[in-house]
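Protein chains: 2
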Amino acid sequence: MKVYLDCYPCFFHQALNAARMIGADEDTIHKILLEVNKILPEIPREATPPEIGRQVYRIVSRWTGIKDPYQESKKRCTAQALTLYPEMKERVRSADDPLETAIRVAIAGNVIDFGSNTEFDMIDDLQSILRQAFAIDHYDAFRSTLGKAKDILYIADNAGETVFDRVLIEELKKPVTYVVREQPIINDAVREDAVAAGLDKVANIISSGADSPGNILGLCSGEFFKAYESADLIISKGQGNYEGLSEENRPIFFLLKAKCPVISRHIGVQKGSIVLMGSRYF
Amino acid sequence: MKVYLDCYPCFFHQALNAARMIGADEDTIHKILLEVNKILPEIPREATPPEIGRQVYRIVSRWTGIKDPYQESKKRCTAQALTLYPEMKERVRSADDPLETAIRVAIAGNVIDFGSNTEFDMIDDLQSILRQAFAIDHYDAFRSTLGKAKDILYIADNAGETVFDRVLIEELKKPVTYVVREQPIINDAVREDAVAAGLDKVANIISSGADSPGNILGLCSGEFFKAYESADLIISKGQGNYEGLSEENRPIFFLLKAKCPVISRHIGVQKGSIVLMGSRYF
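Residue numbers (this note's numbering), protein chains in the order written: chain A, 925 to 1206; chain B, 925 to 1206.
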């Protein structure tokens, strides 16, 4: 998916939010915004939002000297998500269709606000997402692709959400390669976050080789490409990976909640929808 | 109130919304955004948001060739608001405190979405605003200032809202000068909009001399200044006028709904609050 004009204000929002999260002073934030300002006229028509997002966060890191502003927040999210793990496993175990429920659990990980501090609230959120209708539901195609698949690639999104991915991976009952970012970017999962969520027990963890908030193939490593080309089922979590992979002709299923109006329009669903959607390969 | 860093993304949003409203093509919008981008590094520290907003809308006008994109929309809002006029008059007439109710009616004009197309919906909105508690309530000071006032200046905000202003002006029972913008800017009221709402029957309409979306004293005419300096009660409607006048040491009362997070923080209220607030003069 290409950068839309509606993304321009959003790049400023992202820079502001990250800089404020770090506690940067207003002078520093001003300098950061002026530098974001400089990159906008140079955005090529074929750029995807994560490519520009990556540049925006690099500017924030450079001016604040902080490489991983979300480190503590990511640890907290993972710890909170782990408290829900037994509850999620029980939901899947007792479901009429455990695979379908595990997919919903994985999407719930993309939705739940781990900032809400009681386990009770999070269970409540989980429950409502398990009931929400899919706006696009390619479950039958997913199940049939999974049935034939020998080699599954699972491209991760945020830390914390990783625990929910684990529940789905355990239900796939096939060998899975789990892809994390090479370097910290926003609250996206890196290897450390995946291990903290126990993914090393259920999948082979590799890095994409990239540090963009979303999977940009042009930035990925040879190791990633080998796994990407050979996989016969690719699961892509979240909006950022969709932005990078939406035009790909590979057997990808996108699992996400459409939180951004531009992505919602691109997919053709209402903002707030949950989606299990096969790529144009199918 | 000065421009905050949080206003930067908002200037892009405003340009996007105005250009899309006109039906500009994506190439033109792209050019507009790049020109908005150019003015950001030059924003002086002491600038107020309406000063920059004015520049943003000028860019949109220049690229699209359309000077008054909101003309039709303003006419429709005024016509819709006029259908509510008898209902508003009846509410004020039957109220325990007609002046306080008329103030609420005037704020309701700043809140109601005239896009909602049934009279029934608008009456519903009006009713709920008449019940909403003020987050800041300087009604006693307002009433006492009004009691002594000989010369009232009322600075208007949007078209449509003008009809609601008329209800309050009729309740003030004193001579009122009603200030509109000199030139069209967003959906702000110009003389034509005020006359369409019947303000010429209850007030002396003058123009501020300016075309900024909010009253910027530096841009105002001599006629405005004379009225501004001699008034012993000034009523300032809406956020844009607050942005321009918040630091002024004149007998101003701000009537507004805090819709923007930056203005809400500046005033010290929750977003969504309604406010009747005296200036630092009091």
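Using N, Cα and C, we set each Cβ at its ideal position, and we do this for glycine too.
Query: List the residues of chain B that Leu1070 of chain A touches, going by C-beta distances under 9 Å, in chain order.; Result: Per Cβ cutoff of 9 Å: no residues; Leu1070 of chain A is ~39 Å from chain B at best.
Query: Take Asp930 of chain B as the anchor and find which of B:Ser1131, B:Arg944, B:Cys1184, B:Ile1060 has the nearest alpha-carbon.; Result: B:Cys1184
Query: Indicate whether at least one CB of chain B lies closer than 8 Å to the CB of His1190 of chain A.; Result: no
Query: For Val1199 of chain B and Leu1096 of chain A, I'd like the C-alpha separation in whole angstroms.; Result: 56 Å
Query: Using the beta-carbon count (16 or more within 10 Å), is Gly1071 of chain A buried or exposed?; Result: exposed
Query: Against Glu950 of chain B, what residues of chain A qualify as contacts under a CB-to-CB distance less than 7 Å, listed in chain order?; Result: Leu929
Query: So that I know if they touch, is there some Cβ in chain A lying closer than 8 Å to that of Ile953 of chain B?; Result: yes
Query: Determine whether the beta carbon atoms of Gly1222 of chain B and Glu1147 of chain B lie at a separation below 8 Å.; Result: Missing from the structure shown is residue 1222 of chain B; chain B here goes from 925 to 1206 and no further.
Query: Secondary structure at Phe1066 of chain B, three-state DSSP: helix, strand or coil?; Result: helix
Query: Could you tell me the distance, in whole angstroms, from the CA atom of Lys999 of chain B to the CA atom of Asp992 of chain B?; Result: 12 Å
Query: Assign Thr1086 of chain A to one of two classes, buried (16 or more other C-beta atoms within 10 Å of its C-beta) or exposed (fewer than that).; Result: buried
Query: For Ile1176 of chain A, I'd like the list of residues in its chain whose CB is within less than 8 Å of its CB, leaving aside the five on either flank, ordered along the chain.; Result: Ile1158, Ile1159, Ser1160, Leu1169, Gly1202, Ser1203, Tyr1205
Query: Quick one: give me the first and last residue of the alpha helix (DSSP H) that Thr1025 of chain A is part of.; Result: 1022 to 1035
Query: Determine the chain B residues that contact Tyr932 of chain A at a beta-carbon separation under 7 Å, and present them in chain order.; Result: Phe936, Leu957
Query: Using a Cβ-Cβ distance under 8 Å, would Pro1137 of chain B count as near chain A?; Result: no
Query: Would you please state the rounded distance, in angstroms, between the beta carbons of Asp1117 of chain B and Ala1083 of chain B? I believe it to be under 8 Å.; Result: 4 Å
Query: Among B:Leu1054, B:Ala1121, B:Ile946, B:Asn1128, which residue has its Cα nearest to the Cα of Val1100 of chain B?; Result: B:Asn1128
Query: Suppose the cutoff is 8 Å on Cβ atoms and the five residues either side in sequence are ignored; what does the same chain contact list for Tyr932 of chain B look like?; Result: Leu964
Query: Assuming Ala1059 of chain B is part of the beta strand (DSSP E), what are its boundary residues?; Result: 1058 to 1061
Query: Return the CA-CA distance between Tyr1102 of chain B and Asp1064 of chain B, expressed in angstroms with no decimal places.; Result: 23 Å
Query: Just list the alpha helix (DSSP H) runs in the stretch 949 to 1025 of chain B, keeping only unbroken ones of 4 residues or longer that don't cross its boundaries, in chain order.; Result: 950 to 963, 973 to 988, 995 to 1017
Query: Show which residues of chain B have a CB atom less than 8 Å away from the CB atom of Pro965 of chain A.; Result: Leu958, Asn961
Query: With C-beta atoms as the reference, is Asp1131 of chain A less than 8 Å away from Arg1090 of chain A?; Result: It is worth fixing the name first, because residue 1131 of chain A is Ser in this sequence and not Asp. For Ser1131 of chain A and Arg1090 of chain A, no; Cβs fall outside 8 Å.
Query: Below 8 Å between beta carbons: does that hold for Ile1079 of chain B and Asn1139 of chain B?; Result: yes
Query: Going by beta carbon distance, what residues of the same chain come within less than 7 Å of Asp1061 of chain B, once the five residues before and after it are set aside?; Result: Leu1200
Query: Cα separation between Glu975 of chain A and Tyr994 of chain A?; Result: 19 Å
Query: Using the Cα positions of Tyr981 of chain B and Thr1042 of chain B, report the straight-line distance between them to the nearest angstrom.; Result: 30 Å
Query: Buried or exposed, going by whether 16 or more other CB atoms sit within 10 Å of the CB of Lys1150 of chain B?; Result: exposed
Query: For chain B, find out if any of its Cβ atoms is closer than 8 Å to the Cβ of Leu1169 of chain A; answer yes or no.; Result: no
Query: Grouping DSSP H, G and I as helix and E and B as strand, with all else coil, what is Asp1112 of chain A?; Result: strand
Query: I'd like to check one pair, Ala1121 of chain A with Ala1005 of chain A: are the Cβ atoms closer than 8 Å?; Result: yes
Query: With burial defined as no fewer than 16 other Cβ atoms inside 10 Å of the residue's Cβ, what is the status of Val968 of chain B: buried or exposed?; Result: According to the sequence displayed, residue 968 of chain B carries Pro and not Val. Burial call: exposed.
Query: Using only CA atoms, which one of B:Thr1002, B:Gln1051, B:Met1046, B:Thr1007 lies nearest to Arg1015 of chain B?; Result: B:Gln1051
Query: Starting from the beta carbon of Leu940 of chain A, find every residue of chain B whose beta carbon is closer than 9 Å, and list them in chain order.; Result: Leu929, Asp930, Tyr932, Pro933
Query: Straight-line CA distance for His937 of chain A to Val1119 of chain B?; Result: 40 Å
Query: Using C-beta distances below 8 Å, list every residue in its chain close to Ile1027 of chain A, excluding the 5 sequence neighbours before and after it, in chain order.; Result: Tyr1063, Phe1066, Leu1092, Leu1179, Leu1200
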